[in-house]
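The block underneath contains the structure these notes are about, expressed in structure tokens.
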Amino acid sequence: MSYYFSTKVVGAFDDVIDRIREALKTQGFGIISEIDMQAALREKIGVDFRRYTILGACNPALAYEALQIEDKVGTMLPCNVVVQERGDGIEVAAIDPVASMQAIENHELNAKAAVVANKLKAAIETLRMAAEAVD
Numbered sequence: 003m004s005y006y007f008s009t010k011v012v013g014a015f016d017d018v019i020d021r022i023r024e025a026l027k028t029q030g031f032g033i034i035s036e037i038d039m040q041a042a043l044r045e046k047i048g049v050d051f052r053r054y055t056i057l058g059a060c061n062p063a064l065a066y067e068a069l070q071i072e073d074k075v076g077t078m079l080p081c082n083v084v085v086q087e088r089g090d091g092i093e094v095a096a097i098d099p100v101a102s103m104q105a106i107e108n109h110e111l112n113a114k115a116a117v118v119a120n121k122l123k124a125a126i127e128t129l130r131m132a133a134e135a136v137d
């Protein structure tokens, strides 16, 4: 089982970030954190790295439900979405919460993870479909 969903798109990096933000928003997610790994790695250890941004996506209603089921699930929140430069375009990848929740033996939580996974897949699919429409 893979631990993420992904697609590759053509476009400007910042535009792709805007597009995935909007796609996530339509699925009920907000971005509660953003990490520019290129800048962080340059600042902290002095290395050059490709453009790589981690967006911490949270669907508040589903996060609340998950926390009601399992109070330590917060160690696995928010759902991370990565936007990174690749040689053949921009890749957008999101964690598969079903895969990550396998570490917790709670069937009710696994069912909620599947709902979140479907919403993340739909957001990623929006970008893939838009990329195909351009081709």
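Under our numbering, the letters of the sequence shown match residues 3 to 137, in that order.
Think of the CB as a built atom: it goes at the ideal place given N, C-alpha and C, for glycine as much as any other residue.
Please read all numbers here as calculations on a predicted model, not as lab measurements.
Assign residue i to one of two classes, buried (16 or more other C-beta atoms within 10 Å of its C-beta) or exposed (fewer than that).
i, result
"I97", "buried"
"R21", "buried"
"R44", "exposed"
"N61", "buried"
"T77", "exposed"
"D38", "exposed"
"M131", "exposed"
Please confirm whether residue i and residue j have their CB atoms less than 7 Å apart.
i, j, result
"I19", "V84", "no"
"T111", "V11", "Note on identity: in this sequence residue 111 is Leu, with Thr being the wrong assignment. No; because the gap between Cβ atoms is not below 7 Å, this pair is not in contact."
"E93", "S8", "yes"
"P99", "V75", "no"
"F15", "R53", "yes"
"A125", "A25", "yes"
Might you give, ordered along the chain, the residues of its own chain that have their beta carbon closer than 7 Å to the beta carbon of residue i, omitting 5 neighbours on each side?
i, result
"G89", "none"
"A65", "L79"
Leaving aside the five residues before and after residue i along the sequence, list all residues of the same chain whose C-beta is less than 8 Å from its C-beta, in chain order.
i, result
"N108", "I71 and E72"
Which residue wins for smallest C-alpha separation from residue i, given the options the options?
i, options, result
"A41", "Q104, S102, R23 and I56", "I56"
"K114", "I106, A68, G91 and I126", "A68"
"Y6", "M131, G91, N82 and I106", "N82"
"G30", "E36, K121 and A132", "K121"
"K27", "V49, A105, G91 and G58", "G58"
Got a sec? Which residues, its chain only, sit under 6 Å from residue i by beta carbon, not counting five neighbours each side?
i, result
"A95", "Y6, S8 and V84"
"S102", "M78"
"E36", "L57"
>> Runs of 4 residues minimum, wholly inside the stretch 4-53: which ones carry the alpha helix (DSSP H) assignment?
In response: 15-28 and 39-47
>> Quick check on the DSSP output: what are the complete alpha helix (DSSP H) runs of length 4 or more inside the stretch 86-134, in order along the chain?
In response: 99-103
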